[in-house]
Amino acid sequence: MEEVIRKELQLKTLEPFGGSAGGCISKGNGYHSDLGDLFIKFSERENAKRMFDGEFASLEAIYHTQTIRVPKPIKSISNRNRHSLVTEYIDLHGSSKPSQLGRDLARHYSNFLNDTMHIYSEN
6 MEEVIRKELQ LKTLEPFGGS AGGCISKGNG YHSDLGDLFI KFSERENAKR MFDGEFASLE
66 AIYHTQTIRV PKPIKSISNR NRHSLVTEYI DLHGSSKPSQ LGRDLARHYS NFLNDTMHIY
126 SEN
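And the structure:
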């Protein structure tokens with residue numbers, strides 16, 4: 006699948022780094038590439054294409070709000086029964102603060118509650 010990704014994204018370099026992560030639904034790994042560091046999730050599950058396409062769309066929508074730091078989605082790629090989601094790599098070790106994530110989530114979701122516009126305030 007890495008060769009398919011390399012071709013789809015027109016990459017010369019795609020080298021894994023760090024350990025792989027994941028569970029029963031998908032596996033993922035960080036990669037150094039021509040586009041910078043990427044995080045790529047892989048799955049061969051039956052509905053993986055639909056799942057990754059949905060995750061791509063969700064990340065894209067949140068990314069464009071600029072309210073919560075999420076990885077920039079790059080591409081959802083499928084080849085036969087193998088699927089992948091390519092995003093920007095974000096190093097989460099020690100750089101993110103749970104309290105900031107909470108404030109960002111509150112700001113993101115407080116704008117539209119009960120179909121009524123609300124303005125988030127830190128006070």
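For the sequence shown, our numbering assigns the number 128 to the last residue and increments by one with no breaks.
In this text, a Cβ means the ideal position worked out from N, Cα and C, and glycines have one as well.
Check                                                                                                                      : Outcome
Phe47 to Lys32 span [Cα, whole Å]                                                                                          : 5 Å
Tyr94 versus Ala26 - alpha carbon distance                                                                                 : 13 Å
Cut-off 7 Å between Cβ atoms - residues of its own chain near Asn119, not counting five sequence neighbours on either side : Reliability fails at Asn119, whose pLDDT of 49 lies under 50, so the model's placement of it is uncertain and the value that follows must be treated cautiously. None.
Bridge partner(s) assigned by DSSP for Leu43                                                                               : Tyr36 and Glu93
Where the alpha helix (DSSP H) containing Gly176 begins and where it ends                                                  : Only positions 6 to 128 of the chain appear in this structure, which leaves residue 176 out of reach.
Beta-carbon spacing of Lys80, Leu14 below 8 Å                                                                              : yes
Sequence-distant residues of its chain with Cβ nearer than 7 Å to Leu64 (five each side left out)                          : Val75, Pro76, Pro78 and Thr92
Helix, strand or coil at Glu7 [DSSP, three-state]                                                                          : helix
Contact under 8 Å by Cβ, Arg87 with Glu49                                                                                  : yes
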